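Participant: Sharing a structure here in structure tokens format.
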Amino acid sequence: MHPPNITSNSRSYPLRRRVAGITAKLTLAVTLAVALAAAGAGIAPAAQAAANPYERGPAPTEASISAARGPFATSQTSVSSLVTGFGGGTIYYPTDTGQGTFGAVAISPGYTARWSSLSWLGPRLASQGFVVIGIETESLYDQPDERGEQLLAALDYLTQRSSVANRIDPTRLAVAGHSMGGGGSLEAADERPSIQAAVPIAPWNSRKSWSGLRVPTMIIGGESDSIAPVATHSIPFYNSIPSASEKAYLELDNASHFFPQTSNTTTAKYMISWLKRFVDNDTRYEQFLCPAPDDNDISDYRDTCPHAG
91 MHPPNITSNS RSYPLRRRVA GITAKLTLAV TLAVALAAAG AGIAPAAQAA ANPYERGPAP
151 TEASISAARG PFATSQTSVS SLVTGFGGGT IYYPTDTGQG TFGAVAISPG YTARWSSLSW
211 LGPRLASQGF VVIGIETESL YDQPDERGEQ LLAALDYLTQ RSSVANRIDP TRLAVAGHSM
271 GGGGSLEAAD ERPSIQAAVP IAPWNSRKSW SGLRVPTMII GGESDSIAPV ATHSIPFYNS
331 IPSASEKAYL ELDNASHFFP QTSNTTTAKY MISWLKRFVD NDTRYEQFLC PAPDDNDISD
391 YRDTCPHAG
């Protein structure tokens, strides 16, 4: 005698197994599909954010890079002339502490000049999301190589001992300068290849070859410069820098040697774009550098466009 219900239920067990198996597979497939969709939705923004964690400020426009002030409120503090390695100066910095650290740039004035001759650049660059130190040189008569050493000393002070050191990313630094200060910025960039960008402005230097320079460099010259003529200074400097280093030459139409000593929108907008592109790795600014700008204030423009760095 068979146990009750075994015969009557023997065929239902395989059927139930098949139904249960199909249901489990469908559930697993749906779960995987939902998980993949959710992951896909989250991957793009995360990857985009991870691609450049250094972007600071809103997407740029022609108006924003031309403005006298950028999106960041700024403050400033003085640096004593008693510091070691350079002659003191002024630091300008964004007051925002919610977006992380900022890149930094040290700027030197030219022969016999003080920082006051370029001081308009301090708040203008800082308001775009940089910490800026405008230096005084140890002597008004310091030569380009001495100014280069002082620019490096100023960067070290800025990132290690200054009151705003905690606002700075020490891996994202730049140098700039006017005349012998511009020649000094070439010297500094050549000596310290870890620097992210250099912007020599109407640079003067008796050294003409920069074949070892590896730092992305934008040279801004004045077409009518009679002190550091572009034909014997800016253009030979530009030509000697290897293309693999990334470089640009911008020549201001009919500008004299002293064009950066008053507020100059063309100088500022392309300096901002170069620093953003290479200090912040912000490719949103590539549009202002490549292809060549269509700007009536520019008489000559050369560039290693498109930029790979």
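Sequential numbering from 91 applies to the sequence shown in my numbering. Where is the CB? At the ideal position from N, CA and C, for every residue including glycine. Small disclaimer: the values here were computed from a predicted structure and weren't measured.
1. May I have a chain-ordered list of the beta strand (DSSP E) segments no shorter than 3 residues that lie completely inside the segment 317 to 391?
2. Does residue 214 come out as helix, strand or coil in the three-state DSSP assignment?
3. Give me the DSSP bridge partner(s) of residue 195.
4. Counting along the chain, where does the alpha helix (DSSP H) carrying residue 189 start and finish?
5. Identify the residues that DSSP records as bridge partners of residue 287: which are they?
6. So, with DSSP's three-state summary, where would you put residue 184?
7. Given a cut-off of 8 Å on the beta-carbon distance, is the pair residue 356 and residue 388 in contact?
8. I'd like the span of the alpha helix (DSSP H) that includes residue 154, first residue to last.
9. Would you mind giving the Cβ-Cβ distance between residue 191 and residue 282, rounded to the nearest angstrom? I have them listed as a contact below 8 Å.
10. For the alpha helix (DSSP H) that residue 275 lies in, which residues bound it at each end?
11. Give the range of the beta strand (DSSP E) segment to which residue 166 is assigned.
12. Which residues in the same chain as residue 297 place their Cβ atom closer than 7 Å to its Cβ, once the five residues preceding and following it in sequence are excluded?
13. For a quick check, are the C-beta atoms of residue 264 and residue 285 less than 8 Å apart?
14. By Cβ distance, which residues of its chain are closer than 6 Å to residue 222, with the 5 residues on each side in sequence left out?
15. Could you give the first and the last residue of the continuous alpha helix (DSSP H) run that contains residue 402?
16. Let me confirm a value: residue 152 is counted as buried when at least 16 other C-beta atoms fall within 10 Å, else exposed. Which label applies?
17. Here's the rule I'm using: 16 or more other beta-carbon atoms within 10 Å means buried, otherwise exposed. How should residue 386 be labelled?
18. Contact defined as beta carbons within less than 8 Å: I believe residue 379 pairs with residue 363. What is the distance between those atoms, to the nearest angstrom?
19. Taking all protein chains shown into account, do 16 or more other C-beta atoms lie within 10 angstroms of the C-beta of residue 114, making it buried, or fewer, making it exposed?
20. Can you find the residues in the same chain that come closer than 7 Å, C-beta to C-beta, to residue 279, ignoring five residues on each side of it along the sequence?
21. Thinking residue 226 and residue 177 are a contact (beta carbons under 8 Å), I'd like their distance in whole angstroms, please.
22. Does residue 189 pass the burial test, meaning 16 or more other C-beta atoms within 10 Å, or should it be called exposed?
23. May I ask which residues mark the beginning and end of the alpha helix (DSSP H) holding residue 404?
24. Can you give me the Cβ contacts of residue 313 inside the same chain, cut-off strictly under 8 Å, excluding the 5 residues immediately before and after it?
Facilitator: Quick look at the numbers:
1. 337 to 342
2. helix
3. 222 and 264
4. Note, residue 189: premise wrong, no alpha helix (DSSP H); not H, not E.
5. 264
6. strand
7. yes
8. 152 to 156
9. Their Cβ separation, rounded to whole angstroms, is 19 Å, which puts residue 191 and residue 282 out of contact at 8 Å.
10. It spans 270 to 281 - the alpha helix (DSSP H) in which residue 275 sits, taken as one unbroken run.
11. Counting along the chain, the unbroken beta strand (DSSP E) around residue 166 starts and ends at 164 to 169.
12. Here the set comprises nothing.
13. yes
14. 182, 195, 212, 215 and 216
15. What the structure shows of the chain is the stretch from 91 to 399, and residue 402 is not part of that stretch, so it cannot be assessed.
16. By the 10 Å Cβ count, residue 152 comes out exposed.
17. Residue 386 is exposed by the Cβ-count criterion.
18. In this structure residue 379 touches residue 363 by the C-beta definition: roughly 6 Å separates them, less than 8 Å.
19. In this predicted model, residue 114 has a pLDDT of only 43, less than 50, meaning its place in the structure is not dependable enough to derive any value.
20. 265, 285, 288, 303, 305 and 307
21. 4 Å
22. It counts as exposed.
23. The structure shown has nothing for residue 404, since the chain only spans 91 to 399.
24. Cβ within range, chain order: 320, 341, 342, 343, 344, 345, 389 and 390.
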